[in-house]
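Visitor:
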Amino acid sequence: MMLQNLKQLFEDNEGKRAIGAFNVHCLEMLPAMLEGAKDLEAPIILQTSLGTAEYIGFDLLVSSIETLVERLDVDVCLHMDHCKDIEALKKAIDSGYTSVMYDGSSLPLDENIKNTKFVVEYAHANDASVEGEVGTIGGAEEGVVVSEEDAIYTDPADAYKFVRETGVDAIAVAIGTTHGQYKSKAKINFELLEKLSSNLKGVGLVLHGGTGVSDEDMRRCVANGMKKVNVGTELNKSYIEEVNKTFSTATPLTSLRKLLLPANNRIKDIVMEKTELFQLK
Ligand SMILES: [Zn+2]
Numbered sequence: 001m002m003l004q005n006l007k008q009l010f011e012d013n014e015g016k017r018a019i020g021a022f023n024v025h026c027l028e029m030l031p032a033m034l035e036g037a038k039d040l041e042a043p044i045i046l047q048t049s050l051g052t053a054e055y056i057g058f059d060l061l062v063s064s065i066e067t068l069v070e071r072l073d074v075d076v077c078l079h080m081d082h083c084k085d086i087e088a089l090k091k092a093i094d095s096g097y098t099s100v101m102y103d104g105s106s107l108p109l110d111e112n113i114k115n116t117k118f119v120v121e122y123a124h125a126n127d128a129s130v131e132g133e134v135g136t137i138g139g140a141e142e143g144v145v146v147s148e149e150d151a152i153y154t155d156p157a158d159a160y161k162f163v164r165e166t167g168v169d170a171i172a173v174a175i176g177t178t179h180g181q182y183k184s185k186a187k188i189n190f191e192l193l194e195k196l197s198s199n200l201k202g203v204g205l206v207l208h209g210g211t212g213v214s215d216e217d218m219r220r221c222v223a224n225g226m227k228k229v230n231v232g233t234e235l236n237k238s239y240i241e242e243v244n245k246t247f248s249t250a251t252p253l254t255s256l257r258k259l260l261l262p263a264n265n266r267i268k269d270i271v272m273e274k275t276e277l278f279q280l281k
């Protein structure tokens, strides 16, 4: 059982669903994520920030996932989320990541295209896929906060040029969602989504900031051609809520494992709920 890239997952799931891309924040939540996908017989994208990959260690992360894929027989893509460091992306691919996101969205379009194209060449030569970004999604990306007012919607002409010239497999589009949004719901520009979706055939549209999207809007996004949906904040937030409860009543002799299990179970529930939500009915 090998890890798969985005292109393979998109092809296998065409007309069936958008694939959930869940941020692995720590090793503890990893088995629960894959068990959730297994119970639904659905594919899953596991993604990490560069910070998390360095925290866990590239080798430990990749070998743990390979072991779980072998055990559970699930279709899995391991993807590096938002990364501006091309050397780090090469390291990820060399370590066994099957997909990476090069985020050049803060650069002028031509420079974004040039760098993304370089990453695509390296990735494709190693059977890995690439996600790019045009426009700016609001909220915190790797600690750098982009305010909602400064978020820039993806321009359809720019996106078309970007996809054609870089050969990316997936593109993150800014249509009104915000990273880290969990207190309110986003206002999505569906007119723009429809335009992007009809202009960009053959490339997977990616929705970031999935936590801040209502279920109704999410179903509409998937029906309008979204292929990958990122869920990060909800996992982080829920894990903290659960461990806050258990740790606050723990004694020095309480088994740590028992303090983490409710949080791991909650992760599994979220993966299952979201995976079902992303299915096309
Ligand atoms: Zn993102």
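Residues in the sequence shown are numbered consecutively from 1, following the numbering used here. For each residue, glycine too, the CB sits at the ideal point set by N, CA and C. None of these values were measured; they are calculated from a predicted model.
Below 8 Å on the Cβ atoms is my contact criterion, and I expect residue 40 with residue 275 to pass it. Report the Cβ-Cβ distance as a whole number of Å.
Guide: That pair is a contact at about 5 Å.
Visitor: Tell me, please, which residues DSSP counts as bridged to residue 129.
Guide: Looking at the DSSP assignment, residue 129 forms a beta bridge with 99.
Visitor: Measure from the alpha carbon of residue 100 to the alpha carbon of each residue in 185, 123, 25 and 195, then state which is nearest.
Guide: Closest by alpha carbon: 123.
Visitor: Taking the DSSP output, what are the residues bridged to residue 178?
Guide: Answer by DSSP bridge pairing, in chain order: 138.
Visitor: What's the C-alpha gap between residue 231 and residue 47?
Guide: Each residue's alpha carbon lies about 9 Å from the other.
Visitor: Three-state secondary structure (DSSP) at residue 81?
Guide: Residue state, collapsed to three classes: strand.
Visitor: Just to check, is the beta-carbon of residue 230 closer than 7 Å to a non-hydrogen atom of ligand 1?
Guide: Flag set: Cβ of residue 230 near ligand 1.
Visitor: Does the Cβ-Cβ distance between residue 186 and residue 168 come in under 8 Å?
Guide: Their beta carbons are not under 8 Å apart, which means residue 186 does not touch residue 168 by this criterion.
Visitor: Can you tell me whether residue 51 is buried or exposed, with buried defined as 16 or more other CB within 10 angstroms of its CB?
Guide: It counts as exposed.
Visitor: Taking contact to mean 3 or more Cβ pairs, one atom from each stretch, closer than 8 Å, check whether the region 218-236 and the region 17-26 are in contact.
Guide: Yes, the region 218-236 is in contact with the region 17-26.
Visitor: Threshold first: 3 residues or longer. Then list the beta strand (DSSP E) segments lying entirely within the region 217-278, N to C.
Guide: You should have 226-231.
Visitor: By how many angstroms is the C-alpha of residue 250 removed from the C-alpha of residue 280?
Guide: For residue 280 and residue 250, the distance between alpha carbons rounds to 43 Å.
Visitor: Look at the alpha carbon of residue 142 and the alpha carbon of residue 96, and state the distance between them as a whole number of angstroms.
Guide: With a pLDDT of 49 at residue 142, under the threshold of 50, the modelled position of this residue cannot be trusted; read the value that follows with caution. Those two C-alpha atoms are separated by around 22 Å.
Visitor: Using 7 Å as the cut-off, classify the Cβ of residue 81 as near or not near the heavy atoms of ligand 1, replying yes or no.
Guide: Yes, Cβ of residue 81 sits closer than 7 Å to a heavy atom of ligand 1.
Visitor: Cα separation between residue 268 and residue 233?
Guide: Answer to the nearest angstrom: the Cα atoms are 15 Å apart.
Visitor: Would you check whether ligand 1 has a heavy atom nearer than 7 Å to the C-beta of residue 19?
Guide: Incorrect: residue 19 has no Cβ contact closer than 7 Å to ligand 1.
Visitor: Return yes when the C-beta of residue 137 is under 7 Å from any heavy atom of ligand 1, and no when it is not.
Guide: Residue 137: yes, Cβ under 7 Å from ligand 1.
Visitor: In chain order, what residues of the same chain have a beta carbon less than 6 Å from the beta carbon of residue 37, not counting five sequence neighbours either side?
Guide: Excluding residues within five positions, the ones whose Cβ falls inside 6 Å are 44 and 74.
Visitor: According to DSSP, simplified to helix, strand and coil, what is residue 154?
Guide: Looking at residue 154 - three-state DSSP - the assignment turns out to be coil, as it is neither helix nor strand.
Visitor: What would DSSP say about residue 189, mapped onto helix, strand or coil?
Guide: Coil.
Visitor: Can you tell me whether residue 13 is buried or exposed, with buried defined as 16 or more other CB within 10 angstroms of its CB?
Guide: The residue is buried, with at least 16 neighbouring Cβ atoms inside 10 Å.
Visitor: With hydrogens ignored, establish whether the beta-carbon of residue 25 is closer than 7 Å to any heavy atom of ligand 1.
Guide: It does not: the Cβ of residue 25 is nowhere closer than 7 Å to a heavy atom of ligand 1.
Visitor: Report yes if the CB atom of residue 207 is closer than 8 Å to the CB atom of residue 171, and no otherwise.
Guide: Against a cut-off of 8 Å, the Cβ pair of residue 171 and residue 207 comes out as no contact.
Visitor: Measuring alpha carbon to alpha carbon, tell me which residue in 154, 131 and 130 is nearest residue 137.
Guide: Measuring from the Cα of residue 137, the nearest candidate turns out to be 154.
Visitor: With a CB to CB cut of under 6 Å and the five nearest residues on each side skipped, what residues in its chain are close to residue 34?
Guide: The answer, listed in chain order, is 68, 72 and 74.
Visitor: Which partner residues of residue 20 appear in the DSSP bridge assignment?
Guide: Bridge partners of residue 20: 229.
Visitor: Taking DSSP's pairing of strands, which residues face residue 50 in a bridge?
Guide: Partner(s): none; residue 50 has no beta bridge.
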